[in-house]
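In the working numbering, the protein residues as written are 271 to 469. Structure first, then comments.
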Amino acid sequence: MPGLAGFIPAPDLNPDTSRDLLLKMQDTLTGPSSMERTPFCSPDVCATLVDANAQHPGQAHVIQENLQVWLDGEFYNRQDIAHDLKRPATSDGDLLIALLNTQPAALAQIDGIFTAVVHNSQTREIHLISDRYGLRPCFWSLMNGSLAWASEMKALCHLPGFRPKVNRQALNAFLKVGYFFGHDSWFEEIERLPPATIL
Numbered sequence: 271m272p273g274l275a276g277f278i279p280a281p282d283l284n285p286d287t288s289r290d291l292l293l294k295m296q297d298t299l300t301g302p303s304s305m306e307r308t309p310f311c312s313p314d315v316c317a318t319l320v321d322a323n324a325q326h327p328g329q330a331h332v333i334q335e336n337l338q339v340w341l342d343g344e345f346y347n348r349q350d351i352a353h354d355l356k357r358p359a360t361s362d363g364d365l366l367i368a369l370l371n372t373q374p375a376a377l378a379q380i381d382g383i384f385t386a387v388v389h390n391s392q393t394r395e396i397h398l399i400s401d402r403y404g405l406r407p408c409f410w411s412l413m414n415g416s417l418a419w420a421s422e423m424k425a426l427c428h429l430p431g432f433r434p435k436v437n438r439q440a441l442n443a444f445l446k447v448g449y450f451f452g453h454d455s456w457f458e459e460i461e462r463l464p465p466a467t468i469l
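So, in structure tokens, the structure goes:
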């Protein structure tokens, strides 16, 4: 299934090991070979996107100056956002960067199903962003003091030291009502990014 995966490398993790780990996470998400893959590793962040939109490569992974965006999903009101920003609707990734640079509060105007990872190389910040309904999943964890994320929990199983422990409280809720509450997931160490969230 298409999706996002990545982590902030631990200081003692060498670059080759970091890239190997990222590629393992990416392979876990990989579907048909026609899908676009965008692995990227630096001392600050290792991230990838497996994108089904291979007919329009480069639209879901955008780099502009100090900002880098990986976007899984789409904006339904792309033209309206572009009109408000007075710029062409080149891609959703471009528009997301424009919103972050000019009026971050306008993220609430986005109508769509998406999850995004934004890396600011100047401030060395990572943001995980979910759509208003949380329809595109993003799971995250603080493992050994390092942030990691993925569209599917199975990609997080590659993280060093990860020992899955079933979240009993979440399991009981799921058996009673058929779904998880809030940010719970199957595992104690992994949370789901809530709807309309910037983490």
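C-beta atoms are modelled at their ideal positions from N, C-alpha and C, and glycine is treated no differently. Model, not experiment: these values are computed from the prediction.
Comparing alpha carbon positions, the residue from Cys-316, Asp-297 and Ile-468 closest to Asp-286 is Cys-316.
Taking the C-beta atoms as reference points, Gly-276 is found nearer than 9 Å to Ala-418. The Cβ atoms of Ala-352 and Leu-341 do not sit closer than 9 Å to each other. With 16 or more other CB atoms across the displayed protein chains lying within 10 angstroms of its CB, Arg-406 is buried. With contacts defined as CB atoms closer than 9 Å, Gly-452 and Pro-434 fail to qualify as a contacting pair. By the criterion of a C-beta distance shorter than 8 Å, Gln-439 is surrounded in its chain by Asp-454, once the five residues flanking it on both sides are discounted. The C-beta separation of Met-413 from Glu-459 comes to about 7 Å, placing the pair in contact by the 8 Å criterion. Residue range 348-355 is occupied by the alpha helix (DSSP H) that includes His-353. When DSSP reads this structure, Asp-282 sits in no beta bridge, so it has no partner.
Under the three-state reduction of DSSP, Asp-401 is assigned to coil, being neither helix nor strand.
When DSSP assignments are scanned along the stretch 382-435, the uninterrupted stretches of beta strand (DSSP E) that are 3 or more residues long and fall wholly within it turn out to be 382-390, 395-400, 409-413 and 416-420. When DSSP reads this structure, Leu-469 sits in no beta bridge, so it has no partner. Taking 9 Å as the cut-off, the beta carbon of Leu-299 is found closer than this to the beta carbon of Ser-421. Note on Pro-313: under 16 other CB atoms within 10 angstroms of its CB, so exposed under the neighbour-count rule. Each of Trp-410, Arg-348, Asp-354 and Lys-356 was checked against the Cα of Ile-383, and the nearest Cα belongs to Arg-348.
Per DSSP, Ala-368 is not a residue of any beta strand (DSSP E); the alpha helix (DSSP H) it occupies stretches across 362-372. Taking 9 Å as the cut-off, the beta carbon of Ala-466 is found closer than this to the beta carbon of Arg-402.
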